[in-house]
């Protein structure tokens, strides 16, 4: 089968959707299919993939690529790359990686639907199959979609036996307001106040903040105001093996997002490194942790504190959640997720009127 793989951004652009595009395009090729990637991301360096990458295509190039294809796969809606299929009518599969955008810049469950969004919904209805990365995306973007959770990079994020868990809490992500890092800092302060009045902790509560972003000066100021300089560490950006080793030093990963995350790969990455994920209850984060983590009411510092106290005072609960992690992580191994996508794509091709 000739698969035309559409991804608005692609390598060397790095992000969650782009990571999925990398994993899935390679998996389709490894399964014996011909793959051609179309993307708007430009790159002048030599192609490192075993299949062609067509970057910033012209209209004529778009038509030639669609004419070549047997099936079109859109990793997130790519109307500007996909529209020639109106003429060729190939079977096509769409993966919804995030919320449908809104004209008033509101995300997820809120906001008015713009004209472009209405076109997207019509496009979804005509698709051979639509995949959503979480049940939240399915419910609020396209209910007939099937749910296939995101993969994580299991080669990087893994348990490292020789690293000792000597630290308590870690946050990993971009330092922007909607990630709720300030919530984690405030929760740590409340935890310390409770510890003074009624000691219950068996380890020193610390918070490591991994990442960069425009909110960093505000967060550093908050740490100083709350007198937490000895408990909170900003590491800046860390990646690869160094990131895996750093995560392995921590017992819990906090994902206190204020916005409704479409999925939440960071929870899986932390879990794979032996961190118990504690996440806000919005969007796809509950899907990301499954039965191997714990959630709290989004936007509530007090709810986060209550969960932290509960999990640290209840070793049986913590053991139960940690024991559930291997099975949950297996569901999100790249090979497991890619196989599910391949089944959908191959069925869409086999069941297409053009094929029969």
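In my numbering, the protein residues as written are 76 to 431. Ideal Cβ placement from N, Cα and C applies to all residues, glycine included.
DSSP places residue 205 in the uninterrupted beta strand (DSSP E) bounded by 204 to 207. Under the three-state reduction of DSSP output, residue 162 falls in the helix class. Annotation for residue 199: 169, 205, 217 place their beta carbon closer than 7 Å to its own, counting only its chain and skipping 5 residues before and after. Residue 135: member of the alpha helix (DSSP H) spanning 134 to 143, first to last residue. Judged by DSSP in its simplified three-state form, residue 241 adopts coil rather than helix or strand. Pairing residue 335 with residue 358 gives a Cβ-Cβ distance under 7 Å.
Counting along the chain, the unbroken alpha helix (DSSP H) around residue 405 starts and ends at 390 to 406. For residue 246, the pairing in a beta bridge is given by DSSP as 284.
Here the C-alpha atom of residue 109 lies approximately 52 Å from the C-alpha atom of residue 263. Under the three-state reduction of DSSP output, residue 371 falls in the strand class. Residue 208 is a Cβ neighbour of residue 225, given a cutoff of 7 Å.
Contact annotation: the region 283 to 292 touches the region 302 to 313, with at least three C-beta pairs closer than 8 Å. Within the same chain, Cβ atoms closer than 6 Å to the Cβ of residue 211 are found at 358, 359, the five residues on either side in sequence being excluded. Between residue 221 and residue 150 the beta-carbon gap is near 15 Å, outside 8 Å, which marks them as no contact. Contact holds between the region 244 to 259 and the region 324 to 331, because three or more Cβ pairs, one in each stretch, are under 8 Å apart. Considering only 362, 347, 369, the residue with the shortest C-alpha distance to residue 354 is 369. Taking the CA atoms as reference points, residue 276 sits about 20 Å from residue 349.
Beta-bridge partners assigned by DSSP to residue 327: 244, 351.
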